[in-house]
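J.:
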Amino acid sequence: MPLSPADVAADERLRLLHTAIAEMFASLDLDHRIRTMATAARHLQTAEASAVLLRDDDEDALVIRAHEGLSDDYAKRQRIPMAAAQASYPGPDSHIVVDLRHRPRGNPALIRKEGLASVLSVPLTFAGSLIGALHVYTRDPARAFGEEDIEVAHILAGAAAIGVTNSRLYADAVKQQEILRAAEKEREQFVSIVSHELRTPLTPMKAMAQLLRARLRRHRTEGVELDLESLDRNLATIERQVDRMNGLVNDLLSVSRAGRGNLQLDRRTFDLASLVREVVQRYAAATGEEGRHHLTLDAPESLTVSGDQARIDQLLMNLVGNAVKYSPHGGDIAVSVRKDGVAKVEIAVVDHGIGIPPEELAQLGQPFVRGAGRAASFAGMGIGLYVARLVAEGHGGLLLLESEGDEKGTTARVTLPL
Numbered sequence: 110m111p112l113s114p115a116d117v118a119a120d121e122r123l124r125l126l127h128t129a130i131a132e133m134f135a136s137l138d139l140d141h142r143i144r145t146m147a148t149a150a151r152h153l154q155t156a157e158a159s160a161v162l163l164r165d166d167d168e169d170a171l172v173i174r175a176h177e178g179l180s181d182d183y184a185k186r187q188r189i190p191m192a193a194a195q196a197s198y199p200g201p202d203s204h205i206v207v208d209l210r211h212r213p214r215g216n217p218a219l220i221r222k223e224g225l226a227s228v229l230s231v232p233l234t235f236a237g238s239l240i241g242a243l244h245v246y247t248r249d250p251a252r253a254f255g256e257e258d259i260e261v262a263h264i265l266a267g268a269a270a271i272g273v274t275n276s277r278l279y280a281d282a283v284k285q286q287e288i289l290r291a292a293e294k295e296r297e298q299f300v301s302i303v304s305h306e307l308r309t310p311l312t313p314m315k316a317m318a319q320l321l322r323a324r325l326r327r328h329r330t331e332g333v334e335l336d337l338e339s340l341d342r343n344l345a346t347i348e349r350q351v352d353r354m355n356g357l358v359n360d361l362l363s364v365s366r367a368g369r370g371n372l373q374l375d376r377r378t379f380d381l382a383s384l385v386r387e388v389v390q391r392y393a394a395a396t397g398e399e400g401r402h403h404l405t406l407d408a409p410e411s412l413t414v415s416g417d418q419a420r421i422d423q424l425l426m427n428l429v430g431n432a433v434k435y436s437p438h439g440g441d442i443a444v445s446v447r448k449d450g451v452a453k454v455e456i457a458v459v460d461h462g463i464g465i466p467p468e469e470l471a472q473l474g475q476p477f478v479r480g481a482g483r484a485a486s487f488a489g490m491g492i493g494l495y496v497a498r499l500v501a502e503g504h505g506g507l508l509l510l511e512s513e514g515d516e517k518g519t520t521a522r523v524t525l526p527l
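Okay, so the sequence shown: first residue is 110 according to the numbering used here, each after it adds one.
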């Protein structure tokens, strides 16, 4: 017995649904899934256009993410505010049929320009929340959506809601995996850099210790006279390397505490000019043997400020240390401290070293960020400037870097409240 036209139509709807849902779930890609749903909805008996709208939290609206039979201009510009969308559906299994000529959903001017007459709107919901909608449109006012259209639209919307949610969960999982892989890679690089930086001072310390032990052994066993001046130089080398290790550890602790929001300051009154003078003397003694760097200081006899002396010492050591390190051919390094008006003090460290390309100035001072050019060939963890910035900002001040580019030197300028 031949099938009736109604049975043929019902079989065609079932075939359409089976094909569309199978094709949608053939890929985890979100765009593929919503394009498939929009295409399937477009082939409903009454439909002349269709769209899948998804919630956009930035715009607090439903926006069209895939469409069939609509102009690109309409799809890009049409918006349905979330408050209006949520008020439209009595429940997750509801739907609305709207005469757009008298009750426009969205921008009326866009609807008129597009020539749309009515819309069948079915919500996409997950766990009781509205995540989107499936819209099926007519342009002919005489065409009306039947029960079959509504039934198929509900099935497509249900499949689309599951598909959209699964795709987003999958994308989030992939993103988390990428973040974890990147974090693991950064951790490995960090451990490698820290190990290298902490090992570097140990090498000359061990060499000096071995040399001193050999000299003492010869003194005891052979009566060889000790060269006290050489002994003092060797001990000074060990002391400098211990100071370097201590500085590295303090910087790492500062970064860790800042990450936990726990960089505490012990504010007291102290003489900033005296502290700057002491830091310059430390580096002058450390670099004096090499004879390549000439450190100068321009500072008043005294300058009283309120702050954490140990932290500002850390800031100064990092800035002067950078000036020395990034001036591999030596030259003058000028350190100055002065009052800036009645309420601020300025510290400046000026070198004539490798300089900083203009495009890198903004990013330096971030944790574990180092210059990509010539600076990358120098040892370091990329935390010295970050710690200096944390200390300056923790005191209510600023750290600014100035450079005219490669081989033009660098000025590090710190302003602090008195």
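We treat Cβ as the ideally placed atom computed from N, Cα and C, and that holds for glycine.
Using beta-carbon positions only, say whether Asp-249 and Ala-226 come within less than 8 Å of one another.
T.: Cβ atoms of Asp-249 and Ala-226: closer than 8 Å.
J.: Which two residues bound the contiguous beta strand (DSSP E) that contains Pro-526?
T.: 519-526
J.: Between Thr-378, Val-206 and Pro-213, which has its C-alpha nearest Pro-98's C-alpha?
T.: The requested residue 98 does not occur in the structure, where the chain is confined to residues 110 to 527.
J.: Rounded to whole angstroms, what's the CA-CA distance from Val-496 to Thr-145? Just pull it up for me.
T.: 52 Å
J.: Count the other CB atoms, across all protein chains shown, that sit within 10 Å of the CB of Leu-494; report buried if there are 16 or more and exposed otherwise.
T.: buried
J.: With a 10 Å radius around its C-beta and 16 neighbouring C-beta atoms as the bar for buried, classify Tyr-279 as buried or exposed.
T.: That one is exposed.
J.: Using three-state DSSP, classify His-141 as helix, strand or coil.
T.: Three-state DSSP puts His-141 in a helix.
J.: Once you ignore the five residues that flank Thr-148 on each side, which residues in its own chain have a CB closer than 7 Å to its CB?
T.: Glu-177
J.: Using a Cβ-Cβ cutoff of less than 7 Å, which residues in the same chain neighbour Leu-243 once the five nearest sequence positions on both sides are dropped?
T.: Met-146, Ala-150, Val-161, Val-231, Leu-233, Ala-262, Leu-265, Ala-266 and Ala-269
J.: Specify the secondary structure class of His-461 as computed by DSSP and reduced to three states.
T.: coil
J.: On the premise that Thr-524 lies in contact with Asp-449, defined as a C-beta separation below 8 Å, what is that separation, rounded to the nearest angstrom?
T.: 6 Å
J.: Three or more C-beta pairs under 8 Å: does that hold for the segment 275-289 against the segment 163-178?
T.: no
J.: Is the distance from the Cβ of Gly-462 to the Cβ of Gly-518 below 8 Å?
T.: In this structure, Gly-518 lies closer than 8 Å to Gly-462 by Cβ.
J.: So, with DSSP's three-state summary, where would you put Gly-505?
T.: coil
J.: Apart from the five residues on each side of it in sequence, which residues of its chain come closer than 6 Å, Cβ to Cβ, to His-403?
T.: Here the set comprises Asp-441.
J.: What whole-angstrom Cβ distance do Ala-408 and Ser-445 have, given they're in contact under 8 Å?
T.: 7 Å
J.: Can you tell me the Cα-Cα spacing of Phe-254 and Ile-288, whole angstroms?
T.: Cα to Cα, the separation comes out at about 47 Å.
J.: Could you give the DSSP three-state label for Ser-136: helix, strand or coil?
T.: If DSSP states are grouped into helix, strand and coil, Ser-136 belongs with coil.
J.: Identify whether Gly-440 lies in helix, strand or coil by the three-state DSSP scheme.
T.: Strand.
J.: Enumerate, from N- to C-terminal direction, the unbroken alpha helix (DSSP H) stretches of 4 or more residues contained entirely within the segment 231-284.
T.: none
J.: Using 8 Å for Cβ pairs, my map puts Val-273 next to Gly-237. What's the rounded Cβ distance?
T.: About 15 Å separates the two Cβ atoms, so there is no contact after all.
J.: Give me the Cα-Cα distance between His-328 and Ala-318, rounded to the nearest whole angstrom.
T.: 15 Å
J.: Mind checking Ala-471: buried by the 16 CB within 10 Å criterion, or exposed?
T.: By the beta-carbon neighbour count (other beta carbons within 10 angstroms, threshold 16), Ala-471 is exposed.
J.: Can you say whether Asn-427 is buried or exposed, counting buried as having 16 or more other CB atoms within 10 angstroms of its CB?
T.: buried
J.: Leaving out five residues on either side along the sequence, give the residues of the same chain with a beta carbon under 7 Å from the beta carbon of Ile-220.
T.: Leu-209 and Pro-213
J.: When we look at the beta-carbon of Gln-286 and count the other beta-carbons within 10 Å, is it buried (16 or more) or exposed?
T.: exposed
J.: Please state whether the Cβ-Cβ distance between Ser-411 and Ala-382 is less than 8 Å.
T.: Ala-382 is positioned such that its CB atom lies closer than 8 Å to that of Ser-411.
J.: Assuming contact is defined by CB atoms lying nearer than 8 Å, are Thr-128 and Thr-247 in contact in what I supplied?
T.: In this structure, Thr-128 lies away from Thr-247, with their beta-carbon atoms at least 8 Å apart.
J.: Pick helix, strand or coil for Ile-82, following the three-state DSSP scheme.
T.: Past the boundaries of the shown model lies residue 82; the chain is included only from 110 to 527, so the question cannot be answered.
J.: Looking at the structure shown, is Gln-475 part of a helix, part of a strand, or coil, going by DSSP?
T.: Strand.
J.: Are the CB atoms of Ala-501 and Leu-406 nearer to each other than 8 Å?
T.: no
J.: Using the C-alpha atoms, what's the distance from Glu-256 back to Leu-239?
T.: Those two C-alpha atoms are separated by around 23 Å.
J.: For Gln-187, count neighbouring Cβ atoms within 10 angstroms of its own Cβ and tell me buried if that reaches 16, exposed if not.
T.: buried
J.: Buried or exposed, going by whether 16 or more other CB atoms sit within 10 Å of the CB of Val-414?
T.: buried
J.: Between which two residues does the beta strand (DSSP E) holding Pro-190 run?
T.: 188-190
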